[in-house]
Amino acid sequence: MTDNSRRNAAYAAYVDRVSPMSKTGSSLAKAFAAGGLTCVAGEVLRGLFGLIPSVTDEQAAVFASTVLVVIAIFLTGLGVYDVIARHGGAGSFLPITGFANAMSSAAMEFRSEGLITGTAVKMFNVVGPVVVNGIVWSSAAGVLVFLVKLIWGAL
């Protein structure tokens with residue numbers, strides 16, 4: 792056995808010894824509960840906004856999403872979202888609330904560096920990859936659909 796192999800084996804044994812064992816079943820249940828409760832809250836809000844006579848169903852969905860974002864940002868500011876994420880795991884990273892948390896926590900963390908070079912830049916460090924990937928992959932999907940329809944129509 793070489794020195795590198797022994798060192799790697801010793802390190803692997805150390806990692807196994809000090810790493811906490813995850814409880815997959817309870818982690819999945821907590822993630823499901825956290826994500827499910829967020830989705831239920833969104834649906835309840837959507838239903839409540841839908842009770843307003845002048846609000847369309849599409850508008851109610853937008854209003855509910857907006858309220859969920861505001862709540863996520865508020866809970867991030869209070870430090871509560873971190874506790875929810877610690878217990879709820881992946882369920883707390885639903886696209887809309889998790890994204891709001893990521894942006895607001897980055898803004899809060901770097902606010903001492905100034906409005907532009909701290910808050911705005913760090914928020915866009917989080918937003919940038921999401922927007923770029925959204926544009927790239929939705930464009931690729933659009934081109935693929937166009938080509939499939941073009942080929943399908945030629946047959």
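For our numbering, count along the sequence shown from 1 and bump the result up by 791. All residues carry an ideal CB built from backbone N, CA and C; glycine is no exception. Since this is a predicted model, take the numbers as computed values, not measurements.
- Between residue 908 and residue 802, the alpha-carbon positions lie close to 40 angstroms from each other.
- Taking the C-beta atoms as reference points, residue 821 is found nearer than 9 angstroms to residue 882.
- Between the region 804-817 and the region 832-842, the count of Cβ pairs shorter than 8 angstroms is below three; the stretches do not touch.
- Contact annotation: residue 863 and residue 887 have beta-carbon atoms nearer than 9 angstroms.
- Rounded to the nearest whole angstrom, the C-alpha separation of residue 878 and residue 942 is 49 angstroms.
- A direct Cα-to-Cα measurement between residue 825 and residue 796 gives close to 42 angstroms.
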